[in-house]
Amino acid sequence: MANIEAFKKSRKNERAAFTKACNRVEELIALEDVDICELEAEVNVFKGKVDRLENTHSNILELLPEKDYDAEFEIVEDIRDKAIRIQTKARRIINGQQNVSNVLNSTNDASVAMNSVRNVVIDKNKFKLPKLELLKFDGDIKE
92 MANIEAFKKS RKNERAAFTK ACNRVEELIA LEDVDICELE AEVNVFKGKV
142 DRLENTHSNI LELLPEKDYD AEFEIVEDIR DKAIRIQTKA RRIINGQQNV
192 SNVLNSTNDA SVAMNSVRNV VIDKNKFKLP KLELLKFDGD IKE
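If you're matching positions, the sequence shown starts at 92 in this note's numbering and goes up one per residue.
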């Protein structure tokens with residue numbers, strides 16, 4: 092039992108580190124113009140913390156009695172799911188930004204591509220509408 096207590100102490104610190112890394116990656120995901128390199132580095136740090144926490148969880152699950160196993164397994168699964176969701180979101184952002192940069196770099200004239208993209212955004216239809224004259228309401232509903 093002393094062995095399981097040591098694993099539980101280790102798990103406490105690893106969960107704290109996991110939460111910090113998780114929050115950091117979520118902050119970067121929330122940014123509109125995130126630096127791909129920084130996000131990728133934080134995802135790699137996050138993966139390391141997830142791997143260590145997974146190892147500790149598997150050691151704890153091996154030593155737990157049957158009655159505590161199910162409750163602990165549910166907690167472990169929630170943490171795994173959260174980690175997978177965050178990694179997937181980050182990978183989509185990284186891959187999406189890399190695809191945009193690849194498209195721009197693949198054209199012979201990147202400035203032409205940027206200008207055409209700007210023109211598409213700027214060229215919205217403009218309509219000239221007649222001016223409306225608002226009459227003052229004098230309180231008579233029959234008019």
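Just so you know, even glycine gets a beta-carbon here, dropped at the ideal spot from N, CA and C.
Out of I127, G139 and S149, the CA that lies nearest to the CA of A112 is found in G139. Between A181 and I120, the C-beta spacing is below 8 Å. Between the region 221-230 and the region 164-179 there are fewer than three inter-stretch CB-CB distances shorter than 8 Å, so the stretches are not counted as touching. With contacts defined by Cβ atoms closer than 8 Å, F109 and V134 do not form a contacting pair. E165 and I184 have their C-alpha atoms spaced approximately 29 Å apart. Taken through DSSP and simplified to helix, strand or coil, V116 comes out as helix.
Short of 8 Å from the beta carbon of F98, and not among the five residues preceding or following it, lie these beta carbons of its own chain, in chain order: T147, N150, I151 and L154. By the CB criterion at 8 Å, I177 and V116 fall inside the cutoff.
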